[in-house]
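Below is one structure, written out as structure tokens; the observations come after it.
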Amino acid sequence: MRLEAKNVSFRYDRRQPWVLENTNLSIESGERLALFAPSGYGKTTLAMLLAGYLEPTRGEVLLDGKNLPKKGVCPVQLIYQHPEKAINPRWRLKKVLEESGEMREEVLDAFGIERAWLDRFPRELSGGELQRFCVARALMSGADFLICDEISTMLDVITQAQIWNVVLDEAKNRNMGIIAVTHNKHLANRIADRVYDLSKQEYL
Amino acid sequence: MKKLNRRTKVLLLTILMTVILIAFYAFAVLIPESAVASSFLNAKLPPSWEHPFGTDALGRDLLMRTFKGMAVSMTVGIVASGISAVLAVFIGIAAATGSKRVDAVISWIIDLVMGIPHTVLIILISFALGRGLKGLLVGVAATHWCSLARLIRGEVLQLRSQQYVAVSRRLGKSSGWILVHHLLPHLVPQFFVGLVLMFPHAILHEASISFLGYGLPPEQPAIGIILAESMKYISAGMWWPAVFPGLTLVLIVLLVDRLGDNLRMVIDPYNAQE
Numbered sequence: 003m004r005l006e007a008k009n010v011s012f013r014y015d016r017r018q019p020w021v022l023e024n025t026n027l028s029i030e031s032g033e034r035l036a037l038f039a040p041s042g043y044g045k046t047t048l049a050m051l052l053a054g055y056l057e058p059t060r061g062e063v064l065l066d067g068k069n070l071p072k073k074g075v076c077p078v079q080l081i082y083q084h085p086e087k088a089i090n091p092r093w094r095l096k097k098v099l100e101e102s103g104e105m106r107e108e109v110l111d112a113f114g115i116e117r118a119w120l121d122r123f124p125r126e127l128s129g130g131e132l133q134r135f136c137v138a139r140a141l142m143s144g145a146d147f148l149i150c151d152e153i154s155t156m157l158d159v160i161t162q163a164q165i166w167n168v169v170l171d172e173a174k175n176r177n178m179g180i181i182a183v184t185h186n187k188h189l190a191n192r193i194a195d196r197v198y199d200l201s202k203q204e205y206l
Numbered sequence: 069m070k071k072l073n074r075r076t077k078v079l080l081l082t083i084l085m086t087v088i089l090i091a092f093y094a095f096a097v098l099i100p101e102s103a104v105a106s107s108f109l110n111a112k113l114p115p116s117w118e119h120p121f122g123t124d125a126l127g128r129d130l131l132m133r134t135f136k137g138m139a140v141s142m143t144v145g146i147v148a149s150g151i152s153a154v155l156a157v158f159i160g161i162a163a164a165t166g167s168k169r170v171d172a173v174i175s176w177i178i179d180l181v182m183g184i185p186h187t188v189l190i191i192l193i194s195f196a197l198g199r200g201l202k203g204l205l206v207g208v209a210a211t212h213w214c215s216l217a218r219l220i221r222g223e224v225l226q227l228r229s230q231q232y233v234a235v236s237r238r239l240g241k242s243s244g245w246i247l248v249h250h251l252l253p254h255l256v257p258q259f260f261v262g263l264v265l266m267f268p269h270a271i272l273h274e275a276s277i278s279f280l281g282y283g284l285p286p287e288q289p290a291i292g293i294i295l296a297e298s299m300k301y302i303s304a305g306m307w308w309p310a311v312f313p314g315l316t317l318v319l320i321v322l323l324v325d326r327l328g329d330n331l332r333m334v335i336d337p338y339n340a341q342e
């Protein structure tokens, strides 16, 4: 499978300046791409475009030559930077995981999600613990591509390593494509096969 | 005794108020017809131990009559504000989730209904429907949903822009599923607080419309009817048929209003730590 952005331009409003102009990007199944740029170059916007949260103003986002499906489970899943916003505060965490389909015990174990957490509310867990739920939710949906929008920025180093290890393992086993959006050059070099610099619009 | 914190105090007060209101209503509903039988021997008696609120021109005990009247008014209030609150939820959700045109039309109707004085609008509706219980219920229900609908609309608009709703959509959930599982649970507190705070308005409007003669018929001893009758005798020095039923009405309304405020404090997450 191949996910690509073809000549994508985007602005939030006709009176606003362009956030992205003629951006091209493509990734195959099983590939790991890091998206790197300083703040304000549209990393998150591109991530949202690729996952179908936004529609490009010009150009198109294609999955195997076709537009992303509007209905059903999207094969491209986005994981946000702030897990506390991506989880309904009135839901117990068990329901959060069940939203994406079947619960897989081995994923819970891999992330170190304790069973007692499943009956708690989001505000009773820390950001790092919540982010594991967000990643697990995206993995359990059976996605073919995973876009990680700075998912480990606010985590401590150990949790960061733990989450990335699980994501990369799972990606290898299922031949998923990964796009990691990050500020951190070292992290980008460590996890990705290729690094794309959005500020210069070129591969490093 | 250990000092109670504010939250516990408010909670206890809320429960106490609820119990008082329910007890009052249950007692008033169970008063038999014989308790308000007319007797010309006892007509126009001022307040005494035997008749604490006095008796009216037909010799009926005013305490019992006031209580019965309050029960009728409370029934009207509960039913009307219940209908109104459910209506508000549907209209609010429709405005927030529908197209821009639907939203504009609903917002215009809300402005329209809020722009006309409620009393005038209720009189018109009640009169058009032939007065009586039906006209009154429809009139009160049709005028009280606006502010709650506006609140629900804002709440739903804000909820729909949340990330977890967007995520849910990309996980393949339908709009209906999102409405039931993501949106409605957030609206439950708004609904109940809105309902309780609407109730005193509904009672007061019922009483004033019946007082003006556009609501319940004279044989139904609603509080507004009692107050309207008392006006005939007040110039003759009979103050008790006006004062005591009026005071009871104000007391019950205040009680429900405070109950609604307390309920809001208990449910509102911004006060949860107090």
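Line by line, the protein sequences give chains W and A.
Residues in the first sequence are numbered consecutively from 3, following the working numbering.
Residues in the second sequence are numbered consecutively from 69, following the working numbering.
Cβ atoms here follow ideal geometry from the backbone N, Cα and C, with glycine treated the same way.
Contact with chain A is found for residue 73 of chain W, since one of that chain's Cβ atoms lies less than 9 Å from the residue's Cβ. Between the alpha carbons of residue 180 of chain A and residue 203 of chain W lies a distance of about 54 Å. Between residue 146 of chain W and residue 179 of chain W, the CB-CB gap stays under 9 Å.
About 12 Å separates the beta carbon of residue 44 of chain W from that of residue 27 of chain W, a gap too long to meet the 8 Å contact definition.
Shown here, residue 94 of chain W sits in coil according to DSSP, grouped into three states, outside any helix or strand. Residue 78 of chain W is a Cβ neighbour of residue 54 of chain W, given a cutoff of 9 Å. Assignment of alpha helix (DSSP H) within the region 226 to 275 of chain A, counting only whole runs of 4 or more residues, yields 231 to 238, 243 to 246 in chain order.
The region 206 to 217 of chain A makes contact with the region 142 to 159 of chain A, as at least three CB pairs between them are under 8 Å. In the three-state DSSP reduction, residue 223 of chain A falls in the helix class (H, G or I). DSSP, reduced to helix, strand and coil, places residue 76 of chain W outside both helices and strands of the structure shown, so it counts as coil. Under the Cβ criterion of 9 Å, residue 222 of chain A is not counted among the residues facing chain W. Secondary structure note for residue 151 of chain W: its beta strand (DSSP E) is the uninterrupted segment 147 to 151. In the structure shown, residue 195 of chain W adopts coil according to DSSP, grouped into three states.
In the three-state DSSP reduction, residue 9 of chain W falls in the strand class (E or B). With contact defined as three or more Cβ pairs closer than 8 Å, the region 319 to 328 of chain A and the region 260 to 271 of chain A are in contact.
Less than 9 Å divides the Cβ of residue 286 of chain A from the Cβ of residue 297 of chain A. If you ignore the 5 residues before and after residue 332 of chain A, its C-beta comes within less than 6 Å of the C-beta of 261, all in its own chain and listed in chain order. Listed in chain order, the alpha helix (DSSP H) runs fully inside the region 274 to 330 of chain A are 291 to 302, counting runs of at least 4 residues. Inter-residue distance for residue 134 of chain W and residue 171 of chain A is about 39 Å (C-alpha atoms, whole angstroms). Residue 107 of chain W sits in a helix when the DSSP states are folded into three classes. Between residue 143 of chain W and chain A, the shortest Cβ-Cβ separation is below 9 Å. For residue 261 of chain A, no Cβ of chain W is located within less than 9 Å of the residue's own Cβ. In the DSSP assignment, residue 183 of chain W forms a beta bridge with W/37, W/151. For the set W/46, W/81, W/111, the Cα lying nearest the Cα of residue 185 of chain W is the one of W/46. With fewer than 16 neighbouring CB atoms inside 10 Å of its own CB, residue 69 of chain W falls in the exposed class. Three or more Cβ pairs closer than 8 Å define a contact, and the region 190 to 200 of chain A falls short of that threshold against the region 220 to 233 of chain A. Non-local beta-carbon contacts of residue 288 of chain A in its own chain, meaning distances under 7 Å to residues more than five positions away in sequence, involve 140 in chain order. Cβ-Cβ separation between residue 238 of chain A and residue 76 of chain W: approximately 4 Å, consistent with a contact (criterion under 8 Å).
Just so you know, the alpha carbons of residue 81 of chain A and residue 92 of chain A end up roughly 16 Å apart. Around residue 33 of chain W, the same chain offers 179, 195 as residues with beta carbons nearer than 7 Å, after the five sequence neighbours per side are excluded. Within the DSSP secondary-structure output, residue 68 of chain W pairs in a beta bridge with W/65. Between the alpha carbons of residue 200 of chain A and residue 283 of chain A lies a distance of about 5 Å.
Shown here for residue 121 of chain W: same chain residues with a beta carbon closer than 7 Å to its own, the five before and five after excluded, namely 94, 96 in chain order. In the assembly as shown, residue 206 of chain W is an exposed residue. Its beta-carbon has fewer than 16 other beta-carbons within 10 Å. Residues of chain W whose Cβ lies closer than 8 Å to the Cβ of residue 231 of chain A are, in chain order, 82, 84, 87, 88. Only buried fits residue 119 of chain A, as 16 or more other CB atoms lie within 10 angstroms of its CB.
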